[in-house]
Amino acid sequence: MDDMTIESPQLHAIVKHCQNKTYTWQAACSRGDTNMTCQLPDMDGAETYVDIEPVSVGVVLDGLTLTLETVDTCSRVMVWKLPWTF
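If you're matching positions, the sequence shown starts at 0 in numbering that gives the first Met the number 0 and goes up one per residue.
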């Protein structure tokens, strides 16, 4: 029988923004007039999955920089580290 290692995705960072209030976990964010930019900690080269609520919010993850393209809508972004590669 093969040895198998079963690993789970790990939550890496959370950004929640609503009504001019921003709550973060593992992210340092600064807000502009129309967008918000957040710096995330190193992901050790892991593949990532970005969970966005609502999906209509424009989000870009470029390296360790997460940009929310609108701050007019309540939103929650969760960045997950995946234990497998694509």
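Ideal Cβ placement from N, Cα and C applies to all residues, glycine included.
- Counting along the chain, Ala45 sits inside no beta strand (DSSP E), nor does DSSP assign it H or E at all.
- Between Pro40 and Gln25, the alpha-carbon positions lie close to 7 Å from each other.
- Take Cys73, set aside five residues on each side of it, and the residues of its chain with a beta-carbon closer than 6 Å to its own are Cys17, in chain order.
- Ile5 sits in coil when the DSSP states are folded into three classes, being neither helix nor strand.
- Here DSSP, grouped into helix, strand and coil, assigns Trp24 to strand.
- In this model, Ile5 and Thr84 are separated by some 14 Å (Cα to Cα).
- Going by C-alpha positions, Lys80 is about 26 Å away from Lys20.
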